[in-house]
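Chains as they are written, first to last, in my numbering: chain A, 1 to 135; chain B, 1 to 135; chain C, 1 to 135.
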Amino acid sequence: MSPRRVAFQVSTRSPEEILDVTDKVQGAVRELGIEDGFVVLFCPHTTCALTVNEAADPDVREDVSSALSALVPRIPFRHGEGNSPAHLRAALLGPTLLLPVEGGRLSLGTWQGVYLCEFDGPRRRSVWVYPLAAR
Amino acid sequence: MSPRRVAFQVSTRSPEEILDVTDKVQGAVRELGIEDGFVVLFCPHTTCALTVNEAADPDVREDVSSALSALVPRIPFRHGEGNSPAHLRAALLGPTLLLPVEGGRLSLGTWQGVYLCEFDGPRRRSVWVYPLAAR
Amino acid sequence: MSPRRVAFQVSTRSPEEILDVTDKVQGAVRELGIEDGFVVLFCPHTTCALTVNEAADPDVREDVSSALSALVPRIPFRHGEGNSPAHLRAALLGPTLLLPVEGGRLSLGTWQGVYLCEFDGPRRRSVWVYPLAAR
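Structure (structure tokens):
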């Protein structure tokens, strides 16, 4: 019987960083035995997020990370930990991804990869990965 | 037989407000009889949205709400109702959430809660809740 | 047997544009034979995205499109193609939608429609559409 959930971990090294986790997600798809259907990714943290974007040029990741940082408004925040800008960006990108799997492989567009976006690092982060059958 | 969909309502009290609806979602999970799988939340409105973020300190909700308001660009809008900034924020956060359920309980990270984000209140809002089996 | 995936195409005509694709999604729901459950939309591109928002007044689409453009920070970008602002907006809105279907029809709120958001057009864009059973 296939497992119902697996998890993988990544260690971020900077306060703000976008990490390519496509290979880790593909490894989880294999471990879960998903042939055709979907994989659900869930990020159990409140200051990092998951997204899909261009995997070809690493500059895209750096640009998106810098732009997400720059778009945080310069307003006074109340939360004592001082990481409200990280919570904002996590909410904007969201904690879940639902991705198609075909023939045992993540089915992404030609230029797409899966990213974990760190907004309050460096930290050790987990991603929970679940199988989801189409029908 | 378990129901196919339930809904819950909340009343917002301000133009902009982030409400913790974790208990309402957990109640719907129980009512739908979801043991292991997922719950799908759908917000049938165009000026509010759903997200997951920190539940421990209510200041985080206020900070995220204020920051979402402050990041709306100061440009002229065409829509006659004057609530285009609310539509923008609803699009940024999105109308759906797909959340894991394990052992009859929402499976969230330690600090996470589920939020309804009001951008054009006060209003009465509905959230539709659906069960989704893993396989 | 119903197909496992269909796709539809749209041609955008401007660098930035939000297109109503509700009818195309409804057509795919019919073609896939989904009666009750969900439809999953996946955008295999890195400079466009999918969202749900108001379908009644087309001005809302134009306002949201303009506001998304205006909120891109004016910072230097590294990516040589010059379309990092498009990648940022695609990440903010996200590449997938999970929408409920009831009685063979997309189950949306009164004012909602499904949109493809172009951030680096004009281009020919595809949307992949998958059925997903509730249980």
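Ideal Cβ placement from N, Cα and C applies to all residues, glycine included.
Quick caveat: nothing in here was measured; it's all calculated off a predicted structure.
Between which two residues does the beta strand (DSSP E) containing residue i stretch?
i         : result
A:Leu-181 : Chain A is shown from 1 up to 135; residue 181 of chain A falls before or after that span and cannot be answered.
C:Val-39  : 37 to 42
A:Val-101 : 96 to 102
C:Leu-50  : 48 to 54
Give the interface partners of residue i over in chain B, defined as CB-CB distance under 7 Å, in chain order.
i         : result
C:Arg-135 : Pro-131 and Ala-133
A:Ala-90  : Asn-53
Please list the partners that residue i has in chain B, where partner means a Cβ-to-Cβ separation under 8 Å.
i        : result
A:Leu-71 : Leu-71
Once you ignore the five residues that flank residue i on each side, which residues in its own chain have a CB closer than 7 Å to its CB?
i        : result
C:Thr-46 : His-87 and Ala-90
B:Asn-83 : Thr-47 and Asp-120
Could you pull out every residue in the same chain whose Cβ sits closer than 6 Å to the Cβ of residue i, ignoring the five residues on either side in sequence?
i         : result
B:Tyr-130 : Arg-5 and Val-40
C:Glu-35  : Gly-104
C:Ser-65  : Glu-16 and Ile-18
C:Gly-113 : Asp-20, Thr-22 and Ala-55
B:Leu-68  : Arg-89
A:Leu-132 : Gly-37, Phe-38 and Val-40
A:Pro-85  : Val-72
A:Thr-110 : none
B:Leu-138 : Only positions 1 to 135 of chain B appear in the structure, and residue 138 of chain B is not among them; the question remains open.
C:Glu-31  : Val-6
B:Lys-24  : Phe-8
Output, in chain order, the set of chain A residues within a Cβ distance shorter than 7 Å of residue i.
i        : result
C:Phe-77 : Asp-63
Between which two residues does the alpha helix (DSSP H) holding residue i run?
i         : result
B:Asp-23  : 22 to 32
A:Val-129 : Element bounds for A:Val-129: not the alpha helix (DSSP H) but the beta strand (DSSP E), 124 to 133.
A:Leu-10  : Rather than Leu, the amino acid found at residue 10 of chain A in this sequence is Val. Per DSSP, A:Val-10 belongs to no alpha helix (DSSP H); it is in the beta strand (DSSP E), 6 to 11.
A:Glu-118 : Unbroken run through A:Glu-118 is the beta strand (DSSP E), 112 to 118; no alpha helix (DSSP H).
C:Val-72  : Per DSSP, C:Val-72 belongs to no alpha helix (DSSP H) and is neither H nor E.
Give the interface partners of residue i over in chain A, defined as CB-CB distance under 8 Å, in chain order.
i        : result
C:Ser-11 : Neighbours of C:Ser-11 on chain A: none; closest Cβ ~17 Å, over 8 Å.
For residue i, return the contacting residues in chain C, with the cut-off set at a CB-CB distance below 9 Å.
i       : result
B:Arg-4 : Asp-36, Glu-102, Ala-134 and Arg-135
Against residue i, what residues of chain A qualify as contacts under a CB-to-CB distance less than 9 Å, listed in chain order?
i        : result
C:Ser-14 : By Cβ distance, chain A contributes nothing, its closest Cβ being about 21 Å from C:Ser-14, past 9 Å.
Excluding five sequence neighbours on each side, which residues of the same chain lie with their C-beta closer than 8 Å to the C-beta of residue i?
i         : result
B:Ser-11  : Pro-122, Arg-123, Arg-124 and Arg-125
B:Ser-14  : Glu-118, Gly-121 and Pro-122
B:Thr-96  : Val-40, Leu-41, Phe-42, Cys-43 and Leu-50
B:Val-101 : Val-29, Ile-34, Glu-35, Asp-36, Gly-37, Phe-38, Val-39 and Ser-107
C:His-79  : His-87
B:Ala-134 : Asp-36, Gly-37 and Phe-38
B:Gly-27  : Phe-8
A:Val-60  : Asn-53 and Glu-54
A:Leu-116 : Val-10, Thr-12, Ile-18, Leu-19, Val-21, Cys-43, Cys-48, Ala-49, Leu-50, Arg-125 and Val-127
A:Glu-62  : Ile-18
For residue i, is the beta carbon positioned less than 7 Å from some heavy atom of the ligand NAD?
i        : result
C:Pro-85 : This structure does not include the ligand NAD; it has no bound ligands of any sort.
Cβ-based contacts, 8 Å cut-off: residues of the stretch 92 to 110 of chain A near chain C: Leu-92, Leu-93, Gly-94, Leu-97, Leu-98, Leu-99, Pro-100, Glu-102, Ser-107, Leu-108, Gly-109 and Thr-110
Chain A contacts made by the stretch 40 to 67 of chain B, where a contact means CB separation under 7 Å: Thr-51, Val-52, Asn-53, Glu-54, Asp-57, Asp-59, Val-60, Glu-62, Asp-63, Val-64, Ser-66 and Ala-67
Members of the stretch 22 to 40 of chain C that neighbour chain B once the beta carbon cut-off is set at 8 Å: Asp-36 and Phe-38
Touching by the beta-carbon criterion (3+ pairs, under 8 Å), the stretch 121 to 130 of chain C and the stretch 71 to 79 of chain C: no
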